[in-house]
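Numbering (full-length UniProt numbering), first residue to last: 1 to 189.
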């Protein structure tokens, strides 16, 4: 969006600069034209001065007035040309500043792209690490379930053995009690 604005602004400045240059060239051409007219009028005036005795003073006054008007118009054109030149210099500076800003923006955009690329690469690397850790955690959970089953099996076997042991102890105690009440049949008795 900033680039669109910049290019529109740049195009406007370029158009205005071209218009100012065109005006300056027109003013320069008009200036040369008026200079030529002034020379011609001066030459005509000099000729009239030479023929003053035979010429009408009114014509001389009219030519002098024309010369004065042309001189004033020339001075005005010169002033307009100077103004146009100042405007052109201002526009050129503005254009130069805008181009420098555009270069700075381009550099900033490139830096942001590089930063974004690094962040994306880091994100992908972290995602791979997370996936690896999740796989490892899954394997560990599977091992834990196997160990839990083994523990459950061992607990069950332990309970079974404990019951059997208790039964055997009871039987042994019963056997001892009944053996005390009966004469011993053991060869060691």
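No residue lacks a Cβ here, since even glycine has one placed at the ideal position from N, Cα and C.
In this text the structure is predicted, and so the values were computed from the model without any measurement.
Whether residue i touches residue j by CB criterion (7 Å)
| i | j | result |
| --- | --- | --- |
| residue 34 | residue 70 | yes |
| residue 16 | residue 101 | no |
| residue 67 | residue 41 | yes |
| residue 109 | residue 20 | no |
| residue 77 | residue 36 | no |
Min CB distance residue i to chain D below 7 Å
| i | result |
| --- | --- |
| residue 61 | The structure shown contains no chain D, having only a single protein chain. |
When the options are compared against residue i, the one with the closest alpha-carbon
| i | options | result |
| --- | --- | --- |
| residue 80 | 23, 99, 46 and 47 | 23 |
| residue 18 | 128, 151, 142 and 95 | 95 |
| residue 72 | 161, 38, 147 and 138 | 38 |
| residue 3 | 152, 106 and 135 | 106 |
Does the stretch 25 to 43 come into contact with the stretch 76 to 92, if we say contact requires no fewer than three beta-carbon pairs (one atom in each stretch) closer than 8 Å? yes
Evaluate the contact criterion for the stretch 57 to 71 versus the stretch 5 to 19: three or more CB pairs, one atom per stretch, below 8 Å. no
Ranges of the beta strand (DSSP E) found wholly within the stretch 15 to 70, counting only runs of at least 3: none
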